[in-house]
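Peer 1:
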Amino acid sequence: MRNPSSDIPRARALLMTALKLKDWRYVRAALPLMKRAKAVRRAPTKQKPITGEQKRVVRALFHSNLTSHEIANRTGLASSGRVSEILTGKRK
4 MRNPSSDIPR ARALLMTALK LKDWRYVRAA LPLMKRAKAV RRAPTKQKPI TGEQKRVVRA
64 LFHSNLTSHE IANRTGLASS GRVSEILTGK RK
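Each residue of the sequence shown is one higher than the last, beginning at 4 in our numbering.
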């Protein structure tokens, strides 16, 4: 039986049948229908990986009082968000 997602109404009907017939096979069939498949929300990567040289330059430019947007433009990063990731340690 394929189970890409939960199917609570069908599981409920199987459990009601199990109660009426006192048959555990219906309960076993209903249990997998109550588990929700984990959502996959990752978009494919569109940007090149950040190089070690870019990280060093970003940290150096940060100390020269430039904005994140200016640093991103000078280093060729896609956005100021990537600069923020480097500075907060998400991109070591």
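Each residue gets a CB set at the ideal place from its N, CA and C atoms; glycine is no exception.
Bear in mind the structure is a predicted one, so any value in this text is a computation, not a measurement.
Residue range of the alpha helix (DSSP H) that Ala21 falls in?
Peer 2: Ala21 -> alpha helix (DSSP H) spans 11-24.
Peer 1: Quick check on the burial criterion: 16 or more other C-beta atoms within 10 angstroms. Buried or exposed for Leu78?
Peer 2: Correcting the residue type first, residue 78 is Thr in the shown sequence and not Leu. Flag for Thr78 reads buried.
Peer 1: I need the straight-line Cα distance from Met4 to Asp10, nearest angstrom please.
Peer 2: Any reading at Met4 needs caution, since the residue's pLDDT is 47, under 50, leaving its predicted position unreliable; the model's value is listed next. The alpha-carbon atoms of Met4 and Asp10 are separated by roughly 12 Å.
Peer 1: Would you decide whether Gln57 is buried or exposed? Buried here means 16 or more other CB atoms lie within 10 Å of its CB.
Peer 2: It counts as buried.
Peer 1: Just checking, does the segment 55-75 make contact with the segment 85-94 on the three C-beta pairs under 8 Å criterion?
Peer 2: Cβ pair count under 8 Å is three or more, so yes.
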